[in-house]
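Trainee:
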Amino acid sequence: MGNHSNWPEWIYIGVVIALLVWVGAEAWNVERIVEHVPEDAEVIKVTGQQWFWTFEHEDGTKEIGELHVEVGKAYKFEIHSKDVNHSFNIHDYVVLLDAVPGRVNTVWFAPMEAGVHDIQCREYCGLLHYNMRGTLYVEDPKA
Amino acid sequence: MRSVIGLFLVLTVLIIVPAAGYVYAAGDEPGEYLDRRVEIWNLFFRMMTVAFAIGAVVSGTIVWQVWRFRESNPNAKPTPYEEKGEW
Numbered sequence: 001m002g003n004h005s006n007w008p009e010w011i012y013i014g015v016v017i018a019l020l021v022w023v024g025a026e027a028w029n030v031e032r033i034v035e036h037v038p039e040d041a042e043v044i045k046v047t048g049q050q051w052f053w054t055f056e057h058e059d060g061t062k063e064i065g066e067l068h069v070e071v072g073k074a075y076k077f078e079i080h081s082k083d084v085n086h087s088f089n090i091h092d093y094v095v096l097l098d099a100v101p102g103r104v105n106t107v108w109f110a111p112m113e114a115g116v117h118d119i120q121c122r123e124y125c126g127l128l129h130y131n132m133r134g135t136l137y138v139e140d141p142k143a
Numbered sequence: 144m145r146s147v148i149g150l151f152l153v154l155t156v157l158i159i160v161p162a163a164g165y166v167y168a169a170g171d172e173p174g175e176y177l178d179r180r181v182e183i184w185n186l187f188f189r190m191m192t193v194a195f196a197i198g199a200v201v202s203g204t205i206v207w208q209v210w211r212f213r214e215s216n217p218n219a220k221p222t223p224y225e226e227k228g229e230w
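If you read the sequences in order, they're chains A and B.
Our numbering applies: residue 1 is where the first sequence begins, and numbers increase by one.
Our numbering applies: residue 144 is where the second sequence begins, and numbers increase by one.
1. For methionine 112(A), tell me which candidate among Val21(A), Leu97(A) and Pro141(A) has the shortest Cα-Cα distance.
2. Identify each residue in the stretch 40 to 66 of chain A for which the Cβ-Cβ distance to at least one residue of chain B is less than 7 Å, and report them in chain order.
3. Between which two residues does the alpha helix (DSSP H) containing leucine 97(A) stretch?
4. Determine whether the Cβ of tryptophan 10(A) lies closer than 9 Å to any Cβ atom of chain B.
5. Using the beta-carbon count (16 or more within 10 Å), is tyrosine 130(A) buried or exposed?
6. So which residues on chain A does methionine 190(B) lean against when the C-beta distance must stay under 7 Å?
7. Closer than 7 Å by beta-carbon distance: list the chain A residues that pair up with valine 193(B), in chain order.
8. Does the Cβ-Cβ distance between tryptophan 22(A) and isoleucine 158(B) come in under 9 Å?
9. Any idea if valine 95(A) is buried or exposed, counting beta-carbon neighbours within 10 angstroms, 16 or more meaning buried?
10. Tryptophan 210(B) to serine 202(B), Cα distance in whole Å?
11. Counting only beta-carbon atoms, is glutamate 70(A) nearer than 9 Å to chain B?
12. On a Cα-Cα basis, can you pick out the residue from Lys73(A), Glu70(A) and Lys45(A) that is closest to glutamate 63(A)?
13. I think serine 31(A) touches arginine 189(B), with their Cβ atoms under 8 Å apart; what is that distance to the nearest whole Å?
14. Please list the terminal residues of the continuous alpha helix (DSSP H) segment that includes lysine 227(B).
15. Could you give the C-beta distance for alanine 74(A) and proline 38(A), rounded to a whole number, given that I count them as a contact under 8 Å?
16. Glycine 147(A) and histidine 91(A) look like a contact to me (Cβ under 8 Å); what is the Cβ gap, rounded to whole Å?
17. By DSSP's criteria, leucine 67(A) is part of a beta bridge. Which residues make up the other side?
18. Which residue's Cα is closest to the Cα of glutamate 70(A): Phe109(A), Asn3(A), Gly126(A) and Glu123(A)?
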């Protein structure tokens, strides 16, 4: 082997490692801030079962297949399952988390505009998985 | 050289702007909650930019190497085997 200098290779390796470290740090940081639940978030218990969603608010109000929330408030979903794996998804708000029997998964969001959005199941759970849908109503705060 | 500087400038902007944003961000006060859609999609677009930049550098390097070391290149030097028959 000749005694050729190999500094270009070391620079190449260094740049690649630096970029990978940066990508990892960015992703970790975004996950950290996205998962930090505000103290004043209202807890909503979400239960998935074949083949519909039910919601229970802090004040005991229960809803089946639809969920009413207010603009400008933070909500924390505690996601349960009664039978098989489901996945709770509000596509427009990038809320996506599995509902696993025997386990509670937590995700939060804060809608800033009034509107109507789809809720769907994103984990195959049986024959009517395609129709395991709901509606999210984001309403202006009651005066 | 200029294209390398330009590439590093783009990557620097991709690092400094989000880092400054995180330093000043709160994200958990009423009326100022962070929008998870914005955070997640921004991360996605930054990662896509990095991925395509790396892809362009790596594939550009390979293309250059194949072109430079083809047998018909005017600067091509015969290997010791081609010249003298020695491994």
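No residue lacks a Cβ here, since even glycine has one placed at the ideal position from N, Cα and C.
Note that the structure is predicted; figures quoted are calculated from it, not measured.
Mentor: To lay it out plainly:
1. In the first sequence, residue 112(A) corresponds to position 112, counting from 1. In this structure, Pro141(A) is the residue among Val21(A), Leu97(A) and Pro141(A) with its C-alpha nearest to the C-alpha of methionine 112(A).
2. When C-beta distances to chain B are compared with 7 Å, the residues of the stretch 40 to 66 of chain A below that value are Asp40, in chain order.
3. Start at 1 with the first residue of the first sequence, and residue 97(A) comes out as number 97. Per DSSP, leucine 97(A) lies in no alpha helix (DSSP H); the unbroken beta strand (DSSP E) holding it starts and ends at 95 to 99.
4. Looking up residue 10(A) in the first sequence gives position 10. It does not; no Cβ of chain B falls within 9 Å.
5. As a working note, residue 130(A) is residue 130 in the first sequence. In this structure tyrosine 130(A) is exposed. Its beta-carbon is surrounded by fewer than 16 other beta-carbon atoms within 10 angstroms.
6. Counting from one through the second sequence, the residue named residue 190(B) turns up at place 47. Within chain A, the residues near methionine 190(B) are Val23.
7. Along the second sequence, one-based indexing puts residue 193(B) at 50. Those are Leu19 and Val23, listed as they occur along chain A.
8. On the first sequence, position 22 is the one that residue 22(A) refers to. On the second sequence, position 15 is the one that residue 158(B) refers to. In this structure, tryptophan 22(A) places its C-beta atom within 9 Å of the C-beta atom of isoleucine 158(B).
9. As a working mapping, residue 95(A) is identified with position 95 in the first sequence. Sixteen is the threshold: when 16 or more other Cβ atoms of the shown chains lie within 10 Å of the Cβ of valine 95(A), as they do, the residue is buried.
10. The count along the second sequence starts at 1 and reaches residue 210(B) at position 67. The count along the second sequence starts at 1 and reaches residue 202(B) at position 59. Each residue's Cα considered, the two are about 12 Å apart.
11. If you number the first sequence from 1, residue 70(A) lands on position 70. Taking CB atoms only, glutamate 70(A) has no neighbour in chain B less than 9 Å away.
12. Position 63 of the first sequence, counting from 1, holds the residue named residue 63(A). When each option's Cα is compared against that of glutamate 63(A), the closest is Lys45(A).
13. If you number the first sequence from 1, residue 31(A) lands on position 31. If you number the second sequence from 1, residue 189(B) lands on position 46. The amino acid at residue 31(A) is misidentified as serine; the sequence shows glutamate. Not quite, the Cβ-Cβ distance comes to about 14 Å (not below 8 Å), so this is no contact.
14. For the purposes of this step, residue 227(B) is taken as the residue at position 84 of the second sequence. Where lysine 227(B) is concerned, the enclosing alpha helix (DSSP H) stretches over 223 to 227.
15. On the first sequence, residue 74(A) is found 74 positions in, with the first residue counted as 1. On the first sequence, residue 38(A) is found 38 positions in, with the first residue counted as 1. The pair is a contact, with the Cβ atoms about 4 Å apart (cut-off 8 Å).
16. Only positions 1 to 143 of chain A appear in the structure, and residue 147(A) is not among them; the question remains open.
17. Residue mapping note: residue 67(A) aligns to position 67 of the first sequence, counting from 1. Leucine 67(A) pairs with Leu136(A).
18. Start at 1 with the first residue of the first sequence, and residue 70(A) comes out as number 70. Residue nearest to glutamate 70(A) within the set Phe109(A), Asn3(A), Gly126(A) and Glu123(A) is Phe109(A) (criterion: CA-CA distance).
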